[in-house]
Amino acid sequence: MYKSISSRVIILLAFILSAISVPAMAAGPDFTSLTDAVDFSTVQTAILAIAALVAGVYVLISGVKKVLSAIKSA
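Those letters in the sequence shown? Residues -26 to -1, 1 to 48, by mature numbering (1 follows the signal peptide of the UniProt record, and there is no 0).
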């Protein structure tokens, strides 16, 4: 029965059927009811504060190294 159908027709049919079924699975789950209640402004403030703290520590270490090198060279 299937010997008369060429392999190209079977491949084309499989491609068409898979292309039709993809949009049904393309929509992801809707999490807006979970994420609407969360306020991320405090999280952003905390991240910026930590970044400023790390930058401050880096500047402090760099300054201490420069002072120590100035003392050693004197």
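Cβ atoms here follow ideal geometry from the backbone N, Cα and C, with glycine treated the same way. These numbers were taken from a predicted model, which means no experiment stands behind them.
L22 to S(-9) span [Cα, whole Å]: Here the question's residue 22 lines up with position 48 in the sequence shown. Here the question's residue -9 lines up with position 18 in the sequence shown. If you take the alpha carbons of L22 and S(-9), they lie about 46 Å apart.
The alpha helix (DSSP H) enclosing A25, as first and last residue numbers: Position 51 of the sequence shown holds residue 25. It spans S15 to S47 - the alpha helix (DSSP H) in which A25 sits, taken as one unbroken run.
Helix, strand or coil: which one does DSSP assign to S(-21)? In the sequence shown, the residue the question calls residue -21 occupies position 6. Reduced to three states, the DSSP call for S(-21) is coil.
At the level of alpha carbons, what is the spacing between L27 and S15? The residue you call residue 27 lines up with position 53 of the sequence shown. The residue you call residue 15 lines up with position 41 of the sequence shown. Their backbone Cα atoms lie some 18 Å apart in a straight line.
Given this structure, state the Cα-to-Cα distance separating I35 from V41, to the nearest angstrom. Locating residue 35 in the sequence shown gives position 61, counting from the first residue. Locating residue 41 in the sequence shown gives position 67, counting from the first residue. Between I35 and V41, the C-alpha separation is close to 10 Å.
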